[in-house]
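Residue numbers (my numbering): -10 to 173. Glycine included, every Cβ here is placed at the ideal spot set by N, Cα and C.
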């Protein structure tokens, strides 16, 4: 049953690729829960589609390895259809961009804006003033949540301001250690 579903999805992905006039490849490398290196490839036609995942095994993520992997994906998709490549902004990725551009001058590598913002936030949160602000904001939130009457007053004021009768919670969570943002 799982094989049948996999095959059905593969057929759909191939149809999307065949119909596409142009494709952007979006690549993201990471480690899974077992510490194994994985590179995911998504495509945008502009409809985003998961293309494939590669287990990098014992291959180091050097610019040569990454460039070879990217070129293989480009060749699988059809080089004439691919016009851009989005990756993170790590040095090995940027070096791989040049190798891809040498082989395919019509393909434009682009750094991921989310990765750039993540690095920027990490640098901002490393500032002592931001660390102090973060700690004080957390203390305030814990205090309000830990006191029933104060939490009820806060909720009432929030409902009045938002003209809503339901609980409305908007907060920005920033981790000073890794610069990640969660908006709820």
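**Item:** Endpoints, the alpha helix (DSSP H) within which residue 6 is located
**Value:** Here the alpha helix (DSSP H) through residue 6 covers -9 to 8.
**Prompt:** With respect to the beta strand (DSSP E) encompassing residue 31, which residues constitute its N-terminal and C-terminal limits?
**Reply:** Run containing residue 31: 26 to 33, per the beta strand (DSSP E) assignment.
**Cβ-based neighbour list, residue 41, same chain, cut-off 7 Å, excluding 5 preceding and 5 following** = Here the set comprises 30.
**Item:** 8 Å contact criterion, which residue 14 and residue 32 should meet: CB distance rounded
**Value:** About 6 Å separates the CB atoms of residue 14 and residue 32; that is less than 8 Å, so the two are in contact.
**Asked** With C-beta atoms as the reference, is residue 78 less than 9 Å away from residue 101?
**Response** Cβ atoms of residue 78 and residue 101: closer than 9 Å.
**Request:** Pick out whichever of 43, 64, 84, 135 has its Cα sitting closest to the Cα of residue 93.
**Result:** Nearest C-alpha to residue 93: 64.
**Asked** Leaving out the 5 sequence neighbours to the left and right, which residues in its chain are closer than 6 Å to residue -4 when beta-carbon positions are compared?
**Response** Counting only Cβ-Cβ distances below 6 Å, and skipping sequence neighbours, we find nothing.
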